[in-house]
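Visitor: Got a structure for you, written out below as structure tokens; questions coming shortly.
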Amino acid sequence: MESSQFHHALALLDWQVELGATEAICDAPVNCYELPDTLAKPKVATGPQAISRAPKAAEVDPVAEAKRAAAAAQDLDALRDALAGFEHCALKRGARSLVFSDGIAGAPAMIIGEAPGRDEDREGRPFVGRAGQLLDKMLAAIGRGRGDENAPVYITNVLPWRPPQNRDPQPDEIAMMRPFLERHIELAKPQALVIMGNISAQALLGKRGITRLRGNWTECFGLPALPMFHPAYLLRQPAAKREAWADLLSLKARLGDG
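Take the sequence shown: its letters are residues 10 to 267, numbered as in our numbering.
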């Protein structure tokens with residue numbers, strides 16, 4: 010190579026280094042103008058070597074599943090079994106018992122509470138703690154009782170499983186259990202509903218504010234319904250027992266007990 014060509018090539022190399030080219034990638038230069046217009050696509054592996062992707066599982070609608078299961082129940086025993094087999098409510102996994110009902114099915118008055126507490130979860134029956142004892146006294150004052158065959162009542166809750174730490178039920182939990190509750194009412198065939206507490210009013214009437222709602226007869230699922238204070242509230246606010254007594258007398262008159 011002539012000296013002028015050598016120095017010219019060296020100057021070009023120095024210029025490329027100044028631009029940041031510090032490494033040679035290929036052993037031989039590549040003429041970009043001679044590259045094909047399109048490059049061959051890599052072949053996709055088929056047969057045993059191919060990696061198969063499992064189809065994404067369809068999302069389950071818990072409310073739709075609840076409606077289907079509840080509608081299929083033809084009696085109260087079947088409804089209890091449907092609830093026991095319902096796996097879409099997380100409350101079931103943390104509860105000890107399914108709290109379905111107490112009293113006599115077919116009673117003219119069906120009392121609907123909110124959710125089981127610790128005592129209810131342990132015994133598997135609604136309203137058996139301090140609030141339940143007060144409820145029994147309230148019912149006895151108008152001549153009714155959960156075990157009284159001559160003047161019975163039937164009792165259940167919006168939720169059949171105890172929420173952790175007795176917290177309020179969540180909206181999605183209420184929505185999942187509402188189809189079962191509606192079917193429960195249909196199968197029990199009461200003459201009137203007693204809706205106890207804010208959670209029950211929200212679930213059945215779509216309203217909150219039990220202080221404003223209580224004592225005013227309304228309609229729920231085609232039946233007369235009376236919102237009342239929950240007995241647990243009366244234990245905290247004994248002064249409200251006067252209003253609760255007035256509501257009990259209203260219920261007694263509606264049931265034709267004289």
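Cβ atoms here follow ideal geometry from the backbone N, Cα and C, with glycine treated the same way.
Remember, it's a predicted structure, so these values are computed and weren't measured experimentally.
(1) Rounded to whole angstroms, what is the Cα-Cα separation between R134 and R223?
(2) List the whole-angstrom C-beta distance separating L244 from T227, where the pair is believed to meet the contact cut-off of C-beta under 8 angstroms.
(3) Below 8 angstroms, how does it come out for the segment 151-169 and the segment 69-82: are there three or more Cβ pairs, yes or no?
(4) State the DSSP-derived secondary structure class of E129, mapped to helix, strand or coil.
(5) Would DSSP call V69 helix, strand or coil?
(6) Using DSSP with H/G/I as helix, E/B as strand and the rest coil, what is A124?
(7) According to the neighbour-count rule (16 or more other Cβ atoms, all chains shown, within 10 Å of its Cβ), is A84 buried or exposed?
(8) So I204 is in the beta strand (DSSP E); what residue range does that whole segment cover?
(9) Could you check how far apart the C-beta atoms of M119 and I219 are, in whole angstroms? I think they sit under 8 angstroms.
(10) Which residues does DSSP list as the beta-bridge partners of I208?
(11) Could you work out which residue in P199, C98 and A87 is closest to V69 when comparing CA atoms only?
(12) Let me know if A93 comes out buried or exposed under the rule of 16 or more other beta-carbons within 10 Å of its beta-carbon.
(13) Return the CA-CA distance between F136 and V108, expressed in angstroms with no decimal places.
(14) When you compare each of T165, A82 and I183 to L100 by their alpha carbons, which one comes out closest?
(15) Is there a Cβ of chain B sitting closer than 8 angstroms to that of Q211, yes or no?
(16) List, from N- to C-terminal side, the alpha helix (DSSP H) runs of 4 residues or more that fit wholly inside the segment 99-180.
(17) Output the boundary residues of the alpha helix (DSSP H) element that contains A248.
(18) What is the DSSP secondary structure of A234, counted as helix, strand or coil?
Guide: Working from what's here:
(1) Within the sequence shown, residue 134 is the residue found at index 125, counting from 1. Within the sequence shown, residue 223 is the residue found at index 214, counting from 1. Annotation: R134 to R223 spans about 25 angstroms, alpha carbon to alpha carbon.
(2) What you label residue 244 is simply residue 235 of the sequence shown in a count that begins at 1. What you label residue 227 is simply residue 218 of the sequence shown in a count that begins at 1. Not really, about 25 angstroms apart at Cβ, beyond 8 angstroms.
(3) no
(4) If you number the sequence shown from 1, residue 129 lands on position 120. In this structure, E129 counts as helix in the three-state DSSP scheme.
(5) Working through the sequence shown from its first residue, we reach residue 69 at position 60. Three-state DSSP puts V69 in coil, outside helix and strand.
(6) What you label residue 124 is simply residue 115 of the sequence shown in a count that begins at 1. Of the three classes helix, strand and coil, the one that applies to A124 here is coil, per DSSP.
(7) Against the sequence shown, residue 84 aligns to sequence position 75. Looking at the sequence provided, one finds Asp at residue 84 rather than Ala. By the 10 Å Cβ count, D84 comes out exposed.
(8) Against the sequence shown, residue 204 aligns to sequence position 195. Per DSSP, I204 belongs to the beta strand (DSSP E) from A201 to M205.
(9) Here residue 119 is taken as the residue at index 110 of the sequence shown, counted from 1. Here residue 219 is taken as the residue at index 210 of the sequence shown, counted from 1. In fact, because the Cβ distance is near 18 angstroms, the residues do not count as touching under 8 angstroms.
(10) Counting from 1 along the sequence shown, the entry for residue 208 is found at position 199. Paired residues: none, contrary to the question.
(11) Walking along the sequence shown from the start, residue 69 turns up at place 60. Minimum Cα-Cα distance from V69 among the listed residues P199, C98 and A87 corresponds to C98.
(12) Numbered from 1 along the sequence shown, position 84 holds the residue referred to as residue 93. Answer is exposed; the Cβ neighbour count stays below 16.
(13) Along the sequence shown, read from residue 1 onward, the residue named residue 136 stands at position 127. Along the sequence shown, read from residue 1 onward, the residue named residue 108 stands at position 99. It is roughly 10 angstroms from the alpha-carbon of F136 to the alpha-carbon of V108.
(14) Numbered from 1 along the sequence shown, position 91 holds the residue referred to as residue 100. Closest by alpha carbon: I183.
(15) Here there is only one protein chain, and chain B is not present.
(16) 100-103, 127-132 and 139-150
(17) Residue mapping note: residue 248 aligns to position 239 of the sequence shown, counting from 1. DSSP places A248 outside any alpha helix (DSSP H), giving it a letter other than H or E.
(18) To locate residue 234, count along the sequence shown from 1; it is residue 225. Three-state DSSP puts A234 in a strand.
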